[in-house]
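Those protein sequences? They're chains X and W, same order as listed.
Residue numbering for the first sequence follows the working numbering, starting at 1 and increasing by one per position.
Residue numbering for the second sequence follows the working numbering, starting at 460 and increasing by one per position.
Positions of the beta carbon are idealized from the N, C-alpha and C atoms, including for glycine.
Protein chains: 2
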Amino acid sequence: MIRHTCLLALVLAGPAVAADPDTVAASLRDRAMAGSGAYALVESLTTEIGPRLAGTPDEARARIWAVAKLKALGFKNVRVEPFDMPVWVRGIETAAVLGANAQPLAVTALGRSGATPANGLEADVVRFATYADLEAAPAGSLAGKIAFIDHKMLRTMDGSSYGAFGAARRSGPSLAASKGAAAVLIRSLGTGYHRHPHTGGTNWAAGQTPIAAAALSLNDSDQLNRLLAKGPVRLRLVLTPRLAGTAQSGNVVGEVVGTDPGAGAVVIGGHLDSWDHGTGAVDDGAGVAITVAAAKLIMDHAPKPRRTVRVVLWGAEEPGLYGAAAYAAANPPGSIALAAESDFGGGRVTTLKSRVAPEALPLVKRMQALLAPLGITPSSDNSASGGPDVGPLAAKGVGTLTLQQDGTDYFDLHHTPDDTLDKIDAKLLDQNVAAYAVTTWIAATSNVSFARAAAATQP
Amino acid sequence: MIRHTCLLALVLAGPAVAADPDTVAASLRDRAMAGSGAYALVESLTTEIGPRLAGTPDEARARIWAVAKLKALGFKNVRVEPFDMPVWVRGIETAAVLGANAQPLAVTALGRSGATPANGLEADVVRFATYADLEAAPAGSLAGKIAFIDHKMLRTMDGSSYGAFGAARRSGPSLAASKGAAAVLIRSLGTGYHRHPHTGGTNWAAGQTPIAAAALSLNDSDQLNRLLAKGPVRLRLVLTPRLAGTAQSGNVVGEVVGTDPGAGAVVIGGHLDSWDHGTGAVDDGAGVAITVAAAKLIMDHAPKPRRTVRVVLWGAEEPGLYGAAAYAAANPPGSIALAAESDFGGGRVTTLKSRVAPEALPLVKRMQALLAPLGITPSSDNSASGGPDVGPLAAKGVGTLTLQQDGTDYFDLHHTPDDTLDKIDAKLLDQNVAAYAVTTWIAATSNVSFARAAAATQP
């Protein structure tokens with residue numbers, strides 16, 4: 001009897017009794033805000049590895065870094081899940097106005113751009129103020145021309161302008177090529193006037209031969225507009241990127257193992273690859289650091305959750321979500337309870353949105369209540385994407401959360417040389433970690449199913 | 460009698476009677492604030508010419524532009540005053556960390572930098588936190604090393620930090636070379652974290668063979684510090700600038716001719732050349748535009764002044780004040796009544812300072828009173844430089860004014876690719892034009908001598 005009482009007392013003092021999930025969540029949140037360790041992770045990645053273009057030895061070094069870091073932090077089942085992908089690498093890239101107003105312009109090739117001849121091409125510029133104007137151009141009308149797609153993107157807190165106007169970069173070059181263009185220049189899909197062109201992926205139609213496609217900085221886009229206002233502009237463009245065959249990339253995985261292996265994992269992560277110009281601090285060292293730090297916090301300061309918390313550091317996101325495709329192909333949706341990616345920089349989380357089964361919405365409301373002390377606004381939006389790399393999982397019905405960040409400044413930096421560690425604020429990362437720790441813990445400790453039955457039947 | 464009265468009435472209605480100098484000055488000031496036309500000038504120069512490195516065909520095109528523009532605006536005695544100068548041009552410039560943390564660093568050669576071998580040099584980095592630390596390094600101690608001069612420059616409104624710490628760039632490379640360094644990297648003499656290294660001139664001792672000397676962006680300087688904290692850093696540096704012989708540059712001059720040819724000219728201007736990375740909008744398209752617009756305002760909206768207002772658009776300022784030296788050599792100090800250069804960007808004028816004979820200080824006070832409605836603070840500082848290109852005149856005793864601008868953001872842009880038209884605010888230029896119109900008009904219409912007798916005896 002005495003013995004029994006003692007055991008009860010031990011239980012009361014131990015984690016099991018402190019394990020009211022909301023109390024634990026609040027404790028994780030407050031610990032994160034007091035210093036989450038996320039900054040040290042992004043500092044280590046961006047300093048020791050620097051840029052890490054998908055499929056290159058730099059990205060391979062980042063996987064080695066990630067495996068070592070996750071093991072050192074105590075994650076279980078740490079592994080690389082490799083996949084093959086086509087590799088594209090940058091070459092020379094210059095542009096110059098010819099004639100009376102001769103001057104260089106700052107350009108950078110878009111991912112998967114074709115090349116000009118090695119000594120460049122010269123052509124006249126035809127401007128399109130919007131993507132719709134390019135769509136309206138008659139077939140063949142761009143023969144021998146450089147199409148300049150000048151579609152402007154405004155600054156928005158949630159990055160919605162990038163989604164809305166991204167076609168200018170993602171499909172503009174292919175569309176211009178289909179109308180005969182010799183090459184394409186786009187106004188950078190970005191918001192910062194610091195004379196950095198913003199790179200980023202572009203897509204070609206099946207069977208289409210890529211033409212040279214580059215971004216101009218905003219400064220240079222305006223300059224080209226002023227020159228075009230004076231008369232015809234002829235440019236010399238040299239772009240020599242190339243496809244470098246097939247190489248291995250991979251997703252790096254580590255787990256905080258839960259008590260119920262059949263309950264499905266809660267997947268959080270960021271992508272490990274970056275474009276080659278910066279050191280990938282906001283895109284997406286921040287996401288890597290935030291999610292690893294959140295899982296580590298649960299590992300160290302919460303009871304073992306029911307569901308496994310799985311960190312997936314995605315490979316080859318930038319050139320076309322190769323890691324996301326490989327992961328979704330290898331993992332049946334039933335094995336994933338919920339997924340969320342942090343891939344919008346290091347700004348403060350402003351809103352929690354979801355895309356889950358209706359019966360899971362009360363749990364989302366509980367998460368939102370726990371996040372209210374961080375100033376995070378609840379949202380009833382239940383159509384959130386969850387982030388680019390969880391898209392293929394979401395398409396199979398896996399529930400997703402979006403911890404929407406303030407990205408007001410994100411597109412000043414995104415895909416430019418200026419994406420470096422100095423743009424990261426440690427305290428803002430801590431707030432992100434707090435939000436991920438709360439949502440991940442609540443999801444991992446619950447019995448609720450997030451899977452969207454209807455979506456699960458979609459292709 | 461009637462005839463006489465009519466003449467008197469005409470005189471009363473015309474400029475002669477409105478010609479109380481302070482009333483005219485106030486009118487010029489208010490006209491400028493309503494729209495001075497300066498923005499159109501800097502737009503034209505930076506758009507039509509773009510970068511204009513001293514001694515190159517680009518700077519020659521800028522002179523042609525300036526002559527045409529001054530003539531079109533109605534200036535008299537428009538001319539180029541040519542001089543010869545040694546030309547330095549940029550080549551390839553790359554830097555990369557070698558070994559386990561392999562990654563590129565953003566660098567740009569300093570003006571007059573020597574070259575590495577064509578295939579680059581590899582060497583270990585030795586860091587100096589300050590210029591004084593480099594001074595303290597023993598002779599020969601840098602043999603075979605890359606000296607990294609990490610001297611920090613803080614943001615100041617008046618740019619005083621650039622003057623105070625400029626030795627890191629101006630003489631640091633020479634000093635490191637004298638101690639055996641194979642090459643030099645400096646933390647950019649700038650304040651903007653946008654991953655642009657800041658170029659700028661550096662000086663070599665007589666007889667010294669220049670070594671490769673480049674600036675790192677602030678982002679990359681911090682990165683190099685983090686890497687050095689982990690252990691030794693070895694770099695591969697490729698810099699292939701070269702001296703391209705002697706070429707012609709020139710000062711472009713235009714005048715609003717005064718009534719008294721012997722009274723000495725009031726010289727105002729900016730420098731026409733720029734570094735090669737940006738389009739020279741803040742350095743110094745702004746100064747060109749401000750001073751031309753101010754003189755044009757006097758030409759159009761004031762009675763003919765006693766003294767000639769002479770606009771001098773200086774050539775080859777950046778590589779070493781070649782235009783200033785040529786001008787001072789060709790013009791006896793007695794032919795210049797007063798001189799001022801606008802060469803600190805497009806920010807608001809905050810203060811009027813002088814360096815004039817004591818008997819001219821009451822006139823400076825009158826100028827200050829006329830500038831008070833613009834929010835310009837009077838200063839009793841009578842040791843102002845007047846700007847870099849009027850330095851050789853000041854050294855001969857010519858009086859100078861400094862219309863001190865707010866340069867808080869100037870060193871974010873200075874000598875970088877980001878020095879482009881979008882950084883110019885037309886309304887702030889108007890305020891500068893107002894200040895230059897007032898001070899130039901008051902000086903040109905007065906009998907006061909500004910010459911400093913004591914200084915006139917200096918070498």
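Query	Result
Using a Cβ-Cβ cutoff of 9 Å, what residues of the stretch 47 to 62 of chain X are near chain W? List them in chain order.	T47, E48, I49, G50, P51, P57, D58 and R61
Could you list the residues in the stretch 166 to 194 of chain X with a C-beta less than 7 Å from some C-beta on chain W, going in chain order?	Y193 and H194
What residue range is occupied by the uninterrupted alpha helix (DSSP H) comprising W/K755?	A745 to H760
Spell out whether any CB of chain W is found under 8 Å from the CB atom of X/P417.	yes
Residues of chain W with CB under 8 Å from X/A106, in chain order?	P876
Would you give the residue range spanned by the alpha helix (DSSP H) that W/S637 belongs to?	G631 to S637
Given this structure, state the Cα-to-Cα distance separating W/V771 from X/V97, to the nearest angstrom.	29 Å
Does the count of Cβ pairs from the stretch 327 to 343 of chain X and the stretch 252 to 271 of chain X closer than 8 Å reach three?	yes
Does any C-beta atom of chain X lie closer than 8 Å to the C-beta of W/D881?	yes
Identify every residue that forms a DSSP beta bridge with X/D84.	X/Q248
Answer yes if the stretch 412 to 419 of chain X comes into contact with the stretch 372 to 379 of chain X, meaning at least three C-beta pairs across the two stretches below 8 Å, and no otherwise.	no
Indicate the three-state DSSP secondary structure (helix, strand or coil) for W/L820 in the structure shown.	helix
Report the three-state DSSP secondary structure of X/G387 (helix, strand or coil).	coil
Give me the chain W residues within the contact set of X/L227, using Cβ-Cβ distance strictly less than 9 Å, ordered along the chain.	T506 and E507
Would a C-beta distance cut-off of 8 Å place W/A688 and W/A816 closer than the cut-off?	no
Whole angstroms are fine: how far does the CA of W/R769 sit from the CA of W/T434?	Only positions 460 to 918 of chain W appear in this structure, which leaves residue 434 of chain W out of reach.
Residues of chain X with a CB under 9 Å from the CB of W/D681: which are they?	T420, L421 and D422
Would you list the one or two residues that DSSP bridges to X/I92?	Per DSSP, none; premise fails for X/I92.
W/N678 CB to nearest chain X CB: under 8 Å?	yes
Output, in chain order, the set of chain X residues within a Cβ distance shorter than 9 Å of W/N578.	Here the premise fails: no neighbours, minimum Cβ distance about 17 Å.
Does any residue of chain X bring its CB to less than 8 Å from the CB of W/N560?	yes
Would W/A903 and W/A753 be called neighbours here (beta carbons separated by less than 8 Å)?	no
Can you check whether the C-beta of X/Q458 is within less than 8 Å of a C-beta belonging to chain W?	Low confidence applies to X/Q458: its pLDDT is 44, below 50, so where it sits in the model is not reliable, and the reading given next is rough at best. No, X/Q458 does not count as interfacial toward chain W.
Nearest-angstrom Cα distance between W/A623 and W/M612?	9 Å
Look at the alpha carbon of X/A360 and the alpha carbon of X/R155, and state the distance between them as a whole number of angstroms.	33 Å
Just to confirm before moving on: does the CB-CB distance between W/H657 and W/G649 stay below 8 Å?	yes
Is the Cβ-Cβ distance between X/G114 and X/A213 less than 8 Å?	yes
Please list, in chain order, all residues of the same chain as X/A18 whose beta carbon is under 6 Å from its beta carbon, the five residues on each side excluded.	Unreliable placement is indicated for X/A18, whose pLDDT of 49 sits below 50; no coordinate value is reported for it.
What three-state label does DSSP hand W/F803 in the structure shown?	coil
At the level of alpha carbons, what is the spacing between X/F344 and X/Q405?	7 Å
Take the Cβ of W/G599 as the centre, count every other Cβ of all protein chains shown within 10 Å, and call the residue buried at 16 or more, exposed below.	exposed
Since W/K812 sits in a beta bridge, which residues does DSSP pair it with?	W/T861
Is the stretch 537 to 549 of chain W touching the stretch 708 to 717 of chain W in the sense that three or more CB pairs, one from each, lie closer than 8 Å?	yes
Measuring straight from C-alpha to C-alpha, what distance separates W/G533 and W/N906?	26 Å
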